[in-house]
Amino acid sequence: MADGATLAMPRAEAPGGASLKRFARRRSTIAFLMTLPLIAVIGGLVAWPAGYAIWLSMLNRRMTQFIGLGNFEILLDSETFRMVIFQSVFFAVTAVILKALIGFWLAHMLHHLPAKGQKKWRGMLLVPWVIPPALSTLGWWWMFEPTYSSINWVLAIFAVPAVPWLGEPWWARISVIIVNVWYGAPFFMIMYLAALKSVPEQLYEAAAIDGATGWQKLRYVTLPMMRNIISITVLFSLIVTFANYDIVRVLTNGGPRDLTHVFASYAFQVGVLAGNIPRGAAVSLFMFPILAVIAFFVLRGVNRRTKEEL
Amino acid sequence: MTKGISRRSAMRAGAGVLAAGAIGAPMVHAQGSAGNLRFAFWDHWVPGSNDALRQLGARWAERNRVNLTLDFINTTGNQLQLTAAAQAQSRSGHDGISLAPWDPGAYADQLEPVDDVIGRLVQKYGPINPVGEFLAKRQGAWRGVPATSGTQNKPALCRFDLLQQHAGIDVRAMWPARGEKGPGADTWNWDTFLAAAEKCHAAGFPFGLPMGSLTDAVDWVGGLFASYGARITNERGEPTIRGNQQLRQVMDYAVRLSRFLPNDVWAWDDASNNRALISGRSALIFNPPSAWAVAKRDAPQVAENCWTIPMPAGPQGRFVAYLPWTTGIWAFGRNKNAAKAFLEFLSERESAEFTTNFSGGYDIPPFLSMADFRVWETEGPPVGTIFNYPLKPHHDARYSIAFSPAPPELASQMYIQALNTKVIARVAQGGETIDAALGWLEREINNMRRGL
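Protein chains in written order, with our numbering: chain H, 1056 to 1365; chain W, 3 to 454.
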């Protein structure tokens, strides 16, 4: 009978061969061998590129000399890059907060619809999230387009003056956030809807018997029950939004005056277009440590709460 | 009896798949005894222009018994630039590739010197224009052959009716479709331009001059700076901003000019100016004839009132914005001699004229002696509209590229980051003083120079 360490009883053989067979038959060895393809995929497609990017970020422009953290230091000295940091944080934080609020509101609305109507609305509200963002952003660009904006055309009907959506810095910032929220809110909606459906109805009934108002039910029943899903969704969205590229690239190309650049679009401009690959790698890696720390604390909180619930 | 697929049938099926793939590939076949050659060219946005290179390639490949494959990669989403960067990193890919203006310098170490090819071509056709030479000749050797296909000038593409009506300028009389200046051509300077911009703006037809970060914006502003002698760095890349009176002068001019442009030019891309002209909303843009060609198809009433003339002159002379492609041969390529022979063939006068004809006159050959192709005289309507598109001796003009004479590793960064339009925008849109904006410019350049 297997004892947990081996799969079969050992037979008496030559010492060298026997130990090799024992090694091969260990559960840990077999488990390792079976996960090897996955390890190879992660190593080749995640660890190696990440390691290579870190290595690149420590080279000079010609990639002939190791300069340590020189590229990071140069970037922090640049006013443009400091503005990119501000813009990236402003863009990601604002967009994630708006997506979370709108997603939560939509999820609540859907949750209280009858099942038949709910399906239709759910399908329609998911459309923005299903369309490839580069394509939908192009549609938005046509609406914002500096000279022939269709939104301005509609505003003109109501005698509202034309808005320079992409030409004026704050409008341009708002425009990229609008498109990101439009694209990302359905993701929050569907996650929150799933979480809402998993909240036991008895809790609301008990709260109702205790005389809880709608707000109190939300505050003391719904939100605590959704804490984990809210944390994970916000974390995931924060990471994805910080890494956003296509919306800025298609809509404003970072302009006017670099005031809408985010890390990814600026990294592409510096690294690929201007031919300074190491500095571009440094730009793209800049948020990695900060996001890693945020991810650590958020996931630790989720784990703690899960253990408490158990 | 055998079951399933036999070795022979599998081979047959495999051959069928390969044949189908070969038919689908954009390949120019010949009897391949002289090896294989594969080039990546810029995918021309004038419809049908790639056919010129395809036909020339087929002709050359057949004559030289080379299996030649031509891939056309577009610059939408910077695909071509990404391909070049990836190939340079991996040291594998095509034998030769179209390189954007500053790339011969950026990849100089990995490009095969082509001095022998250039030497023979120069002997036949005279000198290559100085900007083409400045960009392609790096580290003491020619790192690529300046290309005809895709190379463009950005002179003024005017609505002569609107300029006549609202600014009182007859651009066709100034710059007729013959090799001489007309009356008033010598007054075609930036001051005249500013007065015309103001009048056309007041009439509701503002000049469509982009001030964003893409090439049309950077190029025309580069020409403006050059005509004022306003250089922001020297040949070594050291900033020449402090105490630079020409720079202050051109900044002041650009800020005044920007008041008469549409208020959203700061976000314009390379298509916005074309749309402004084609829609009939603008009296002048700086562009190759592609905007006129589209107008010919979509808005004929606009096209027949278009006329191309040189850029205005400044205190230091007249400059024309020039955006060349260079075809480089990778040093890690396997068939470098054949690649050189192919590029030499493409650069010959007959091939260059063939290429320019296919593009409807868009393509500009790098040799100054080739500014007399008939296509520029005959294209219309109106006939002669692009006669003055290539730089001709009577223009008294020089080619310019923004940020020269900075070294390419710095210039490419300044160009891509559009420092020249941004420094103007900081004053005109951001409300900074010229001193503050120039201070920012100097700090940015110094920062870019670090870690080179």
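Beta carbons are placed, not taken as given, at the ideal position from N, Cα and C, and that holds for glycine.
Keep in mind the model is a prediction, meaning the values are calculated, not measured.
Burial state of residue i, where buried means 16 or more other Cβ atoms lie within 10 Å
i	result
A24(W)	Note that A24(W) scores 39 on pLDDT, short of 50, meaning its location in the model is unreliable; the coordinates nonetheless yield the value given after this. Exposed, by the Cβ-count rule.
W104(W)	buried
H46(W)	buried
H1167(H)	exposed
E411(W)	buried
T1192(H)	buried
E1200(H)	buried
Y1107(H)	exposed
G214(W)	buried
T150(W)	buried
L249(W)	buried
Rounded straight-line distance, which links the Cα of residue j to that of residue i
i	j	result
R233(W)	A108(W)	21 Å
Y1300(H)	Y1238(H)	13 Å
M372(W)	N66(W)	26 Å
L101(W)	Q154(W)	14 Å
E407(W)	W144(W)	Here the sequence assigns Pro to residue 407(W), which means Glu is not the residue at that position. Distance between the alpha carbons of P407(W) and W144(W) is about 17 Å.
G330(W)	I120(W)	12 Å
E444(W)	M1342(H)	27 Å
S284(W)	L164(W)	9 Å
F262(W)	G206(W)	10 Å
F162(W)	R451(W)	44 Å
G142(W)	G134(W)	14 Å
G50(W)	D218(W)	23 Å
T1296(H)	A86(W)	29 Å
L1156(H)	L216(W)	36 Å
R40(W)	G98(W)	7 Å
I1085(H)	K1171(H)	49 Å
A27(W)	D73(W)	Low local confidence applies: a pLDDT of 43 at A27(W) is under 50, so the model's placement there is unreliable, with the coordinate-based value given in what follows. Taking the straight line joining both Cα atoms gives about 9 Å.
R428(W)	V1234(H)	26 Å
A1322(H)	F288(W)	30 Å
G1099(H)	P1092(H)	10 Å
G441(W)	G453(W)	21 Å
G210(W)	P312(W)	16 Å
V1101(H)	A1095(H)	10 Å
Contacts around residue i, its chain only, beta-carbon distance under 8 Å, and the 5 residues preceding and following it disregarded
i	result
I280(W)	A293, V296, A297, D300, A301 and V304
S1320(H)	Y1300, V1303, R1304, N1308 and G1309
F1145(H)	R1228
E381(W)	P291, G362, G363, T387 and I388
V1218(H)	S1204, I1206, N1207, L1210 and W1226
Whole-Å CB distance - residue i paired with residue j, under 8 Å assumed
i	j	result
L1165(H)	I418(W)	Actually they are not in contact, since the Cβ atoms of L1165(H) and I418(W) sit about 45 Å apart, beyond 8 Å.
P1311(H)	P1224(H)	6 Å
G181(W)	K394(W)	6 Å
A169(W)	A198(W)	4 Å
H96(W)	A42(W)	4 Å
F334(W)	E355(W)	Contact doesn't hold; Cβ gap of about 33 Å is too wide.
V322(W)	P157(W)	6 Å
A1337(H)	F1127(H)	5 Å
P264(W)	T1202(H)	7 Å
F1243(H)	T1288(H)	6 Å
T461(W)	Y401(W)	Since the first and last residues shown for chain W are 3 and 454, residue 461(W) lies out of range.
N1283(H)	R1360(H)	6 Å
S1286(H)	K1154(H)	Not quite, the Cβ-Cβ distance comes to about 14 Å (not below 8 Å), so this is no contact.
Bridge partners - residue i, DSSP secondary structure assignment
i	result
L1139(H)	This sequence places Val at residue 1139(H); Leu is not what is there. Looking at the DSSP assignment, V1139(H) forms no beta bridge with any residue, so it has no partner.
V322(W)	Y401(W)
D73(W)	A42(W)
W332(W)	L113(W)
V147(W)	T329(W)
T235(W)	P241(W)
F1121(H)	L1114(H)
T310(W)	L159(W)
Close Cβ partners of residue i (< 7 Å) along its chain, the five nearest in sequence each way excluded
i	result
R122(W)	E346
F1121(H)	M1113 and L1114
W1196(H)	V1305 and L1306
G146(W)	L101, P106, L113, V116, A138, T328, T329 and G330
E306(W)	P383 and P384
W378(W)	G363, I388, F389, Y391 and P392
D272(W)	L216, T217 and D218
Own chain, CB closer than 6 Å to residue i, minus 5 neighbours either side, in chain order
i	result
M416(W)	F405
S316(W)	Residue identity differs from the one stated: residue 316(W) is Gly in this sequence, not Ser. Closer than 6 Å at Cβ, skipping near neighbours: W192, S229 and Y230.
E200(W)	F262
P148(W)	I130, G134, A138, P326, T328 and P368
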